[in-house]
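Taken in sequence, the protein lines are chains G, X and R. Mapping the first sequence onto the UniProt record's numbering, position 285 (from 1) lands on 285, and the numbers just tick up by one. Mapping the second sequence onto the UniProt record's numbering, position 55 (from 1) lands on 55, and the numbers just tick up by one. Mapping the third sequence onto the UniProt record's numbering, position 90 (from 1) lands on 90, and the numbers just tick up by one. Note that CB positions come from ideal geometry on N, CA and C, so glycine has one too. The structure displayed is predicted, hence computed values, not measured ones.
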Amino acid sequence: MTAPDLECRALTKRFAPDAPPAVDGVGFSVPSGSFFSILGPSGCGKTTIMRMVAGFLEPSGGDILIRGRSVLSVPPNKRPVNMVFQHLALFPMMNVAENIGYGLRRRGTSKPEIARKVGDVLERIGLPEIGTRRVDELSGGQKQRVAIARCMVLDPDVLLLDEPLGALDLKLREHMKVELKALQAAFGTTFVYITHDQSEALVMSDAVAVMNRGRFEQIGSAQDLYYRPQTPFVAGFVGDSNRWRGRVTRVDGESLELQTDGGLTLRAARNGRAIAAGDRAEVFVRPEAIHPARDAAALEGCANMLRGEVSTLLFNGAASRVRVRPEGAGADTEIEVALPQSGAFAGLARGDDVWIGWTDAQAGAFAAAAAE
Amino acid sequence: MTTAPKHLKLTVAATALLALAQPAAADTLRLLTWGGYAPEGVIEMFEAETGHTVEVTLSNNEEMIAKLRATGGGGFDLAQPSQDRIAGPQEEFGIYKPMDLSRIDAAQFIPSMLEATKDNTTVGGEVYGVPHVWGTSGLVLDTAKAGMVADYTDLCAPEVAGQVSYRLRRPTLIGFAFAMGMDPFAAYGDEAAYAEILEQVESKLIECKPNVKTYWGGGDELMNLVRSGEVVAAMAWDTGGWKLNEDNPDVTFVAPASGALGWVDTFVLPAKGQADDAAYAWINFVMQPEVAAMITEVAGNFTASKGADEFAPDALKAKYQASFTPEALDNIKWYPPVPAGLEAIEGGVLDRVKAAN
Amino acid sequence: MTGTSARLGFVLLLAPAALWLTLLIVIPHIDLFLVSLRERIGVGQYTTSFANYGTFLDEPLYLMTFARTAIMSVLATALTLLIGFPVAYYIAKLARGRTRSVLFLLCLVPFWVSELVRTFGWMILLRETGLVSSLLQWAGLAAGPVELLYNDAAIMVGLVYTSMLFMVVPLITTLDSLDDAVIEAGYDLGGSAPSILREIVIPHAMPGIVSGCIVVFMLSLGNYLTPIMLGGKDSLWFTELIYSQFILRFNWELGAAFGFVLLLLSSVIVWGTLRLTGQTLRETMG
Ligand SMILES: Nc1ncnc2c1ncn2[C@@H]1O[C@H](COP(=O)(O)OP(=O)(O)OP(=O)(O)O)[C@@H](O)[C@H]1O
Ligand SMILES: [Mg+2]
């Protein structure tokens, strides 16, 4: 088995001795040619990891290996990784071709060789004509591609991308998501991508690490994270969820019963997690796992069945939802329910009486963190 | 729309006002003089007695003339250049106006000085200046370390190498010329002869340059140099030597063997002076013996006021007598008026000396 | 109606600047130029000629003084840049928060006192009986008093000290505008510190470097007190020639000609430098 392109072991960074670490014992490995994302809220330490990998920050602990070799003692300009910066950091004093050729010039590549490689890479990013343009004459998307080309031309073992789409508008961002994935596939380079936008991470990545407060909560495929979250943070952070907190009244094999603080009784699955009767727990249910119905009979097989009143309609074409206030629960308890794309419930209106239900397997329960 | 023209008028009026530099009230005397010649106390007495007010601007010979030339003789009501700097600039630039001698109390002046100054400042039959303060320049020496210096040329001796200072100005040229046995004053009328004398002085000064620590520019600079002991022999004014003597008894003013150079600072009326009454009142006021003695005490130099010696401080008189034996007094070389144009020749020499190394 | 009043408003708005320009800059220069064309042929008599400019060209002393002044000023400018650049880089890129403002204030300190006092300060430090000399003796590095004043090095020290702020401020401004990420990108792509300095930092800072250099060069060229007081008997500065022509020799005509020569030659030098570095005045000043 060949060594992964990038491996971090128990990577830790403390900016101040008394402050909590910005990165706390993070370990992961990225196989060659894959697209790895780190997803987390702002300030969780994503950039700090990147900067340690690129060599701009010295880790307080742990190790970074590239192709099996520790690079801790290698200065940033000698590391076989390159970075696409959040604001791209193209060199404004050079034109596009000079920007892309910079790294090659530093390596002492011959002039004709540089010209050829720069031409090649411009071709591959689909901008063959812009070599002589000034950087400030490019559109946002073009700059983006030039910034990637500038790194790719050096054929790095690992390409680091720090929220490279952050500065783009929504439309372009959607477009570039697809393009980036295509570029990565075309170059076959290992990408490590950081973002706080879950859809970017889920769409592009082979594997995603969800990060919170300096730690990795879970590493897995997009599907894993979405359907099989292992921590309440992941369950809450990746995708939308209805979330309840309460006390477990009964545990029955994998299934359990929970009395929510809002007064509902719900059944949920514990998925092998250690939860006992009497514990405090949290339950997450995705809106699309909840079925709406005109009457209870239509919800056969759902362990959870509630009757309620539509309090809000959230029309969004195929992704329309409603909020339902269940009977017997507090006024602040609202359950978000995705409407089936069949259009069966298109006529639903505010104030209508509906039944909703979901299976206990669709409701993941987690032991509530002690602090909460 | 009506406001705009008004604005315009205002602007124009304001500009015009600015342009026509405000004329001073007739009873303000704008005095262009040397430091120490118009002490606070004297001004207060004068203002109390006459009701005029006095505004003092301190300067030196060259700047006085440059200032008056720039304004065509305006901006001041009374100026005090040296007597040798009156006839030449007057012929060349016309910056003074004649004195009305009838408005001056001649009895307050030492007659010989008044007559000499009148002679020296006469242009086209009109008298332009009357004397006020006089003094000499010569050698300021630390007698303990530079006792061997007796004349300007001794400043070039190896004994005082690197510890010498003088100004790179015309008195130095004149002083060296005398010390070298020539008479530059006699050659004033003959540009060629004068240039020849200066040529010799030039080579002497260039030869002497390695001995010089620095050419001093201002009185304070020289005082610092001598006080710190960095300079032990310098060409300077008599008062400078006497002042230094108070701090260090070894330092004093010495009249050079070839004779100290005597200067007389005068009173002249700038051509566009606007307070002649106040100017004449000031002249007559400060020439009173008691007042003149007050000025002597501050400035350190004696005046042309008859009988003021009586009121002068004894310490100063003692220093004066120590520096000037009767023979030395007789040997003082009084500056005759500088003919217009000589400065250009001197300037070339001074520039070349400065550039030499 | 509104058109004319708006135009009038514009004219009035511009009037102070225009007035200032003409009254204080254009008119005196024209006057000075006219004075420089007068040749004295006798007492109070003048004709119009270029004789004064001829004097400048004929007398090697004047040319030499000018050349010396220009070379020393260029040297002072280069030294100021050499010292100022790391300082500006440190302030703009490395220092944070309080340190930054303190360092910046330190650059300003020399300007809290007048130029005269500043120069006197250096004289006190450098003179034979001064602080530095005493320190050297105390440290056993010198056997007797050392005179550090009255030489070209002293002039240089004074000029560089006086000019530092005018170099550092434009440099800080341009360096500040260089994104740190751009420098990091340089390292990331394999650049070494010298190559990043040469290819990224200096090209970016070029407008600041050029404008700083122009200002420092002009200030040094036009400085009077520093070279005279610190240079002593060998100062020989062109402004001194102008001063002595105007004030000591009463030779306004030659002084004015010297003034114009200085204006012309310094403009030529600045223009040449701009051309050489491929900068335009607009870029540099804008
Ligand atoms: N140089 C530094 N000195 C001190 N603290 C720092 C430094 N850089 C980052 N931090 C802190 O470390 C934590 C993680 O910062 P980091 O930049 O890695 O966050 P991030 O996940 O990239 O956030 P964002 O999505 O907003 O870019 C933050 O709390 C931040 O304040
Ligand atoms: Mg970040």
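Residue i Cβ short of 7 Å to ligand 2 heavy atom set
| i | result |
| --- | --- |
| residue 162 of chain G | yes |
| residue 198 of chain G | no |
| residue 195 of chain G | no |
| residue 46 of chain G | yes |
| residue 86 of chain G | yes |
Whether residue i touches residue j by CB criterion (8 Å)
| i | j | result |
| --- | --- | --- |
| residue 260 of chain X | residue 328 of chain X | yes |
| residue 84 of chain G | residue 20 of chain G | no |
| residue 154 of chain R | residue 175 of chain R | no |
| residue 354 of chain X | residue 225 of chain X | no |
| residue 27 of chain G | residue 8 of chain G | yes |
| residue 83 of chain X | residue 121 of chain X | yes |
| residue 74 of chain X | residue 340 of chain X | no |
| residue 226 of chain G | residue 238 of chain G | yes |
| residue 153 of chain G | residue 121 of chain G | yes |
| residue 104 of chain X | residue 295 of chain X | no |
| residue 35 of chain R | residue 92 of chain X | no |
| residue 165 of chain X | residue 222 of chain X | yes |
| residue 274 of chain X | residue 77 of chain X | yes |
| residue 268 of chain G | residue 360 of chain G | yes |
| residue 232 of chain G | residue 15 of chain G | no |
| residue 205 of chain G | residue 222 of chain G | yes |
| residue 310 of chain G | residue 261 of chain G | no |
| residue 213 of chain X | residue 356 of chain X | no |
According to DSSP, residues forming a beta bridge with residue i
| i | result |
| --- | --- |
| residue 291 of chain G | G:357 |
| residue 224 of chain X | BP columns for residue 224 of chain X are empty, so no partner. |
| residue 224 of chain R | Bridge partners of residue 224 of chain R: none, in fact. |
| residue 131 of chain X | X:266 |
| residue 5 of chain G | BP columns for residue 5 of chain G are empty, so no partner. |
| residue 326 of chain G | G:308 |
| residue 242 of chain G | G:285 |
| residue 351 of chain X | Paired residues: none, contrary to the question. |
| residue 240 of chain R | In the DSSP output, where bridge partners are listed per residue, residue 240 of chain R has none listed. |
| residue 257 of chain G | G:250 and G:267 |
| residue 234 of chain R | For residue 234 of chain R, which the question treats as bridged, DSSP gives no partner whatsoever. |
| residue 134 of chain G | G:95 |
heavy atom of ligand 1 below 7 Å from residue i C-beta
| i | result |
| --- | --- |
| residue 54 of chain G | no |
| residue 115 of chain G | no |
| residue 237 of chain G | no |
| residue 233 of chain G | no |
| residue 167 of chain G | no |
| residue 40 of chain G | yes |
| residue 43 of chain G | yes |
| residue 95 of chain R | no |
| residue 36 of chain G | no |
| residue 15 of chain G | yes |
| residue 89 of chain G | no |
| residue 22 of chain G | yes |
- Task: Let me know the alpha helix (DSSP H) ranges lying completely inside the stretch 168–207 of chain R, each 4 residues or longer, listed in chain order.
- Result: With a minimum length of 4 residues, the unbroken runs of alpha helix (DSSP H) contained wholly in the stretch 168–207 of chain R fall at 180–188 and 193–196.
Considering only residues of the stretch 68–122 of chain R, which uninterrupted alpha helix (DSSP H) runs meet the minimum length of 4 residues and lie entirely inside it, listed in chain order?
-> The alpha helix (DSSP H) runs lying completely inside the stretch 68–122 of chain R and spanning 4 residues or more are 97–108, given in chain order.
Query raised in the report: Should the stretch 203–220 of chain R be called in touch with the stretch 60–74 of chain R, which here means at least 3 C-beta pairs below 8 Å?
Result: Put simply, the stretch 203–220 of chain R touches the stretch 60–74 of chain R. At least three CB pairs are less than 8 Å apart.
Note to self: Does the structure place the stretch 249–261 of chain R close enough to the stretch 138–151 of chain R that three or more beta carbon pairs sit under 8 Å?
What the structure shows: With a cut-off of 8 Å, the stretch 249–261 of chain R and the stretch 138–151 of chain R do not count as touching, because too few Cβ pairs lie within range.
Going along the chain, which unbroken runs of the alpha helix (DSSP H) with 4 or more residues stay wholly within the stretch 179–260 of chain X?
DSSP runs (the alpha helix (DSSP H)) wholly in the stretch 179–260 of chain X: 191–208, 219–227 and 238–247.
inquiry  = Below 8 Å, how does it come out for the stretch 288–306 of chain X and the stretch 128–135 of chain X: are there three or more Cβ pairs, yes or no?
reply    = By the Cβ criterion, the stretch 288–306 of chain X is in contact with the stretch 128–135 of chain X, since at least three pairs of Cβ atoms, one from each stretch, lie closer than 8 Å.
message = Would the stretch 104–115 of chain X count as touching the stretch 53–68 of chain X if we require 3 or more Cβ pairs under 8 Å?
response = Touching, no, given that fewer than three Cβ pairs across the two stretches are closer than 8 Å.
- Task: Output the residue ranges of the beta strand (DSSP E) runs that lie fully inside the stretch 247–285 of chain R and measure 3 residues or longer, sorted by chain position.
- Result: Taking only runs of at least 3 residues, no beta strand (DSSP E) segment lies wholly in the stretch 247–285 of chain R.
Report the residues of the stretch 136–157 of chain G with a CB closer than 8 Å to any CB of chain C, ordered along the chain. Given the protein chain composition of this structure (G, X and R), no chain C is represented.
> Are the stretch 157–169 of chain R and the stretch 78–90 of chain R in contact at 8 Å, needing three or more beta carbon pairs?
Replying inline: Contact holds: three or more Cβ-Cβ distances are below 8 Å.
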